[in-house]
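Novice: Chains as they are written, first to last, in the working numbering: chain A, 191 to 508; chain B, 2 to 537. Even glycine gets a Cβ: it sits at the ideal position worked out from N, Cα and C.
1) What's the call for residue 433 of chain A, buried or exposed, on a 16-neighbour Cβ count within 10 Å?
2) At a CB distance below 7 Å, what residues from the segment 238-253 of chain B approach chain A? Give them in sequence order.
3) With H, G and I counted as helix, E and B as strand and the rest as coil, what does DSSP make of residue 532 of chain B?
4) For residue 50 of chain B, which of B/521, B/525, B/150, B/473 has the nearest alpha-carbon?
5) Which full runs of the beta strand (DSSP E) of 3+ residues lie inside the segment 410-465 of chain A, going along the chain?
6) Using the Cβ count rule (16 or more neighbours within 10 Å means buried), how would you classify residue 502 of chain A?
7) List, in order along the chain, the chain A residues whose C-beta lies closer than 9 Å to that of residue 336 of chain B?
8) Can you pull the chain A residues whose beta carbon is under 8 Å from the beta carbon of residue 142 of chain B, in chain order?
9) What residues of chain B sit near residue 411 of chain A, judged by a beta carbon separation below 7 Å?
10) Could you tell me whether any Cβ in chain B is nearer than 8 Å to the Cβ of residue 338 of chain A?
11) Three Cβ pairs or more, each shorter than 8 Å: is that satisfied between the segment 329-349 of chain B and the segment 396-410 of chain B?
12) Could you tell me whether the segment 339-349 of chain A touches the segment 98-118 of chain B, using the rule of 3 or more Cβ pairs below 8 Å?
13) Would you say residue 247 of chain B and residue 234 of chain B are within 8 Å of each other, going by their C-beta atoms?
14) Pull the bridge partners of residue 307 of chain A from the DSSP assignment, please.
15) For a contact meaning CB atoms closer than 7 Å, what does residue 397 of chain B contact in chain A?
16) What is the DSSP secondary structure of residue 390 of chain A, reduced to helix, strand or coil?
17) Pick out whichever of B/256, B/122, B/313, B/40 has its Cα sitting closest to the Cα of residue 23 of chain B.
18) Looking at chain B, is there any beta carbon in it that lies within less than 8 Å of the beta carbon of residue 281 of chain A?
19) By alpha-carbon positions, which one of B/515, B/287, B/223, B/526 ends up nearest to residue 10 of chain B?
20) Using the three-state DSSP reduction, which class does residue 378 of chain B fall into: helix, strand or coil?
21) Residues in the same chain with beta-carbon distance under 7 Å from residue 431 of chain A, minus the five sequence neighbours each way, listed in chain order, please.
22) Quick check for students: name the residue ranges of the beta strand (DSSP E) that lie wholly in the segment 107-153 of chain B, counting only runs of 3 or more.
23) I want to verify the contact list: residues of chain A whose CB lies under 8 Å from the CB of residue 124 of chain B, in sequence order.
24) What are the complete beta strand (DSSP E) segments, minimum 3 residues, inside the segment 411-446 of chain B?
25) Could you give the DSSP three-state label for residue 14 of chain B: helix, strand or coil?
26) Quick one: measure Cβ to Cβ for residue 290 of chain A and residue 359 of chain A, integer angstroms, because I've assumed they're closer than 8 Å.
27) What is the C-beta distance between residue 283 of chain A and residue 217 of chain A, in whole angstroms, given that I count them as a contact (C-beta under 8 Å)?
28) Contact criterion: CB-CB distance below 8 Å. Does residue 235 of chain B meet it with respect to chain A?
29) Quick one: residues in its chain with C-beta nearer than 7 Å to the C-beta of residue 13 of chain B, no 5 flanking neighbours on either side, listed in chain order?
30) Per the DSSP calculation, residue 339 of chain A is bridged to which residue(s)?
31) Spell out whether any CB of chain A is found under 8 Å from the CB atom of residue 290 of chain B.
32) Between residue 8 of chain B and chain A, is the shortest Cβ-Cβ distance under 8 Å, so that the two count as touching?
33) At a CB-CB cut-off below 8 Å, which residues of chain A make contact with residue 363 of chain B?
34) Are the CB atoms of residue 378 of chain A and residue 303 of chain A nearer to each other than 8 Å?
35) Closer than 8 Å by beta-carbon distance: list the chain B residues that pair up with residue 497 of chain A, in chain order.
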């Protein structure tokens, strides 16, 4: 165990500010030690052999050893076992990393050249600063306005690309107060290295105060914006929002999070990406029983903020 | 088998005279030398750019006087792109197969030439045309996408992307032609008695590489054409604004570019196999295991591309599968490492400069290998992805691996290529500086990556300053090493002593003919009766 802690201490990983970070570092510590042993065996063996068997006379006799089945089996099998164990351990942690917790605090993050735009549920917006309460599951819903960016918080050991045209997500639960760096790690042009943000972990009370302050300077809550857009774009003429009644198109009431059967018989989950797709490419996955080609595309008529607002509005139709 | 033609002083160099005879030659040895000159030139250009990048990163931009070498982010990004594209497409991919492979594959198997000598020349012209097109973009509109041309950035940025990818496309054709030529050569032109299992391991490596080149490169070609079509005509395949999928480009791109990583490294493994057995004067340990592990790596390499995309938004299931398959590549690679070390056991090891490079390769490749396993591990890659850890890792395997092998191979075969010996002292000095400099440059980058410094950064936060300084100083040591290497090669060609037929007392066929070899390689067609490394 002492060795293990030593390896971790020498690993130069940044502050551990989440439980996941600790788990990642444990695995990394194990790998550091195994790798070190492997290198000592290979490099050390090499150095020992070249020294011991260095050429002494121009006509040294050498041994004729062409292979050794047992040895070869051993040194194929042992690495295989180690690699598979590491893979399994990695899978275990990755599973936690990628399973989004329920009831998480959701925050929308929009990457753009060259800043992060943060938007809270209540419509409060900031740039390059995410504030979250300590000890709470936080889910970031990422997308991008232009090119691919990647949201990276070294101290949390989390990273996820923000891809234009779709949502990706990541989650964390910070267990340390303080300010942490956010870097963009997907090359995005001129000021790629300047796209640095701050992630502030604060106490519950400070967080509430922060949001209240935000409320004062708020515009509308995201879903309110969505409601307005829904009216402006005349979506309501085809979709009902307050009852399961079917108009020209399917009702959106209580649809989010349910499963729909689409025209080719397959099931599809009504999630953020499906709603987004239905707005931009309405004919791609038509709900079974509805005709193709009725709904026009809104491609190019809505920006990312407006799309997020609509998605949020539809999510909240309960 | 000392030849008559050698006696009369006729060899491939003086067989015909004049620049025109070189530009129209179909002799594989001359084509190998032409590749050598051009690749060395591109290496120089790419290397100068690397030095500029490191100089820029010597200090954060807030520091007075330093840290402003490349003016601004745009210039830095352009230099970064050309450094990557040149080193990948014009140096490391063609390096060993086109230079040493062209020169020695026929000699290794006792053939007079490759199967299609004219196609061989055509592939050099393809390579030159593609490289010229790519480099010309520098004088029109510089490109700043990085060598990976990720969409949608490459579609949006107003630079010479189309011209650049056409250049890469044409260079890819050269790669396909060379691969095709090698495969046919290996199958059709082996000397009597040379079974597949009596081929030198370098030939096995070239053969595995050729299969990869033939199968993977067309995928890159199609991808690049699609990218050009997207940029020129807006067809909507990759551009999300037109309903395309930007991540699809990454799938296509890495489906080629991951096998390409092995196109870069398998030939190096082949060279190292030759060097280790020759300079320990001992039969190689596990010949079949080494030969078939090359094929094994080549086969598996087609199914691991997704490990470049663990955080791209591909599904968690895909990530898990790709991580699993990637782990499997580690096994044949480890087998090779153990075999090489076992070959040294009870050998007679000399420390001639080619051997120093081979041992250096083992050292660096061990570190590159274990860090590769770290990167294949899902949650660890999530932290390391697109940080300096990755930069350090692929420089260890590709530069530390391929360039060490290339340098070792140069020195090893130098007497055969030019019929002269080089200065051993300066050759060893080149090794010491490259090896030490390399570790000083790239080891700190593992630490920078662990600390979280992302790659492709023009500027960084103050916490990363010290290690960046060390890294930059290391790059000057590497420069010194390569200058020693260049001096050794140039002085060797100009003033070297006449080389004997087989200075290292190797057993493979290329040493059984004159140095330099005559136009037709062998005065008498060799007949093979035993394996390539029968030191008894």
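Specialist: On the basis of the coordinates in this document:
1) exposed
2) 241, 244, 247, 248
3) coil
4) B/473
5) 449-451, 457-459
6) buried
7) 262, 265, 266, 269
8) Under the 8 Å cutoff, chain A gives no residues; its nearest Cβ is about 15 Å from residue 142 of chain B.
9) By Cβ distance, chain B contributes nothing, its closest Cβ being about 27 Å from residue 411 of chain A, past 7 Å.
10) yes
11) no
12) no
13) no
14) A/300, A/317
15) Within chain A, no residue comes near residue 397 of chain B; the closest Cβ sits about 12 Å away, beyond 7 Å.
16) strand
17) B/122
18) yes
19) B/515
20) coil
21) 442, 443, 507
22) none
23) Simply none; closest approach about 32 Å.
24) none
25) coil
26) 6 Å
27) 6 Å
28) no
29) 28, 30, 31, 517, 518, 519, 520
30) A/352
31) yes
32) Note that residue 8 of chain B has pLDDT 49, beneath the 50 cutoff, so the model's placement of it is unreliable and no number is given.
33) 232, 233, 236
34) yes
35) By Cβ distance, chain B contributes nothing, its closest Cβ being about 12 Å from residue 497 of chain A, past 8 Å.
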